[in-house]
Amino acid sequence: MTSNRLDVQERPAAGPLQGCIVTLHGRGTHGADLMPIADEIGLPGLRWLFPDAPFPFPDGYGGRMWYASPPQTQSGILESRKRLFDLLNRLISEEGIPSHRIALAGFSQGAVMSLDVGLRFPKRLAAVIALSGYLALPENLSAEKSPAAEGMPVLLVHGTMDEVVPVEGSRRASTLLLKERFQARLQEYPMGHQVIPEEMALIRDFIKGLWSL
676 MTSNRLDVQE
686 RPAAGPLQGC
696 IVTLHGRGTH
706 GADLMPIADE
716 IGLPGLRWLF
726 PDAPFPFPDG
736 YGGRMWYASP
746 PQTQSGILES
756 RKRLFDLLNR
766 LISEEGIPSH
776 RIALAGFSQG
786 AVMSLDVGLR
796 FPKRLAAVIA
806 LSGYLALPEN
816 LSAEKSPAAE
826 GMPVLLVHGT
836 MDEVVPVEGS
846 RRASTLLLKE
856 RFQARLQEYP
866 MGHQVIPEEM
876 ALIRDFIKGL
886 WSL
């Protein structure tokens, strides 16, 4: 493994591969922290990948982050984007997974990166699922979005009581994504910065619809 590759935890598909979901963790945590989502979704044809962000989180506990706040510093966003592009390209070229069988998902900072990468990746992905996130560098999206991604489904989920990442971030994202001709859907719940069972049920149905599971 080369030094610029992300460390990745994996939950393989329990049956014939129907889809691959690259799931991005939030600030200060690890990819493995989101692995229970695979069990909660419980669809056997899914392969789940949980990469660790490239940068150490400065709390002394070993967490990782995709970029330093605020994201307008850009350097972290761009480096993480590059490494996630590399991961996606390897899945497609080395493992033979069609891009339309790959979806990006993320929570909080991971949601920000899933949007950033999914909207710009040169090949059409199946979808983006962004939980409690926002669009970083929205002023660049119109010029940088991938033509292949136009019309791609994007599921935005956010808590109306979120005090860490306010719900306005997803609301603004939804408005801009619709303007830029993405198939955006925003679902709000009366919750904080968290994931709840109702959210998991929504995501499960969304994924089933992507690949007719």
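In my numbering, the protein residues as written are 676 to 888.
Glycine included, each C-beta is placed from N, C-alpha and C at the ideal position.
Rounded separation between residue i and residue j - CA only
i    : j    : result
Y736 : Q784 : 18 angstroms
G867 : A801 : 28 angstroms
D734 : S887 : 42 angstroms
R722 : P687 : 5 angstroms
F730 : Y742 : 7 angstroms
I767 : N815 : 26 angstroms
E715 : Q858 : 25 angstroms
Within 9 angstroms, strictly: CB atoms of residue i and residue j
i    : j    : result
A824 : F796 : yes
I804 : G781 : yes
L861 : L831 : yes
G717 : Q684 : no
L724 : I696 : yes
V829 : Y809 : no
Span of the beta strand (DSSP E), counted from its first residue to its last, around residue i
i    : result
P863 : Looking at the sequence itself, residue 863 is Glu, so the reference to Pro does not match. Q858 to Y864 is the span of the beta strand (DSSP E), which, as asked, contains E863.
E685 : V683 to R686
R722 : L721 to P726
V832 : P828 to G834
I772 : It is not in any beta strand (DSSP E) - I772 carries neither H nor E in the DSSP assignment.
L699 : G694 to L699
Outcome for residue i when other beta-carbon atoms lying within 10 angstroms are tallied against a minimum of 16
i    : result
A818 : exposed
D791 : buried
K854 : exposed
I878 : buried
M676 : With a pLDDT of 40 at M676, under the threshold of 50, the predicted position of this residue should be treated as unreliable, though the coordinate-derived value follows. Looking at its Cβ environment, which holds fewer than 16 other Cβ atoms inside 10 Å, M676 is exposed.
V839 : exposed
Assumed close pair residue i, residue j - CB separation to whole angstroms, cut-off 8 angstroms
i    : j    : result
M710 : A728 : Not a contact, Cβ separation roughly 15 angstroms.
P719 : G694 : That pair is no contact at about 11 angstroms.
L692 : P726 : The pair is not a contact, with the Cβ atoms about 18 angstroms apart (cut-off 8 angstroms).
Endpoints, alpha helix (DSSP H) assigned at residue i
i    : result
L852 : E843 to K854
I878 : P872 to W886
Interface flag, residue i vs chain C, CB-CB below 9 angstroms
i    : result
V832 : Looking at the structure shown, chain C is missing, and only one protein chain is on hand.
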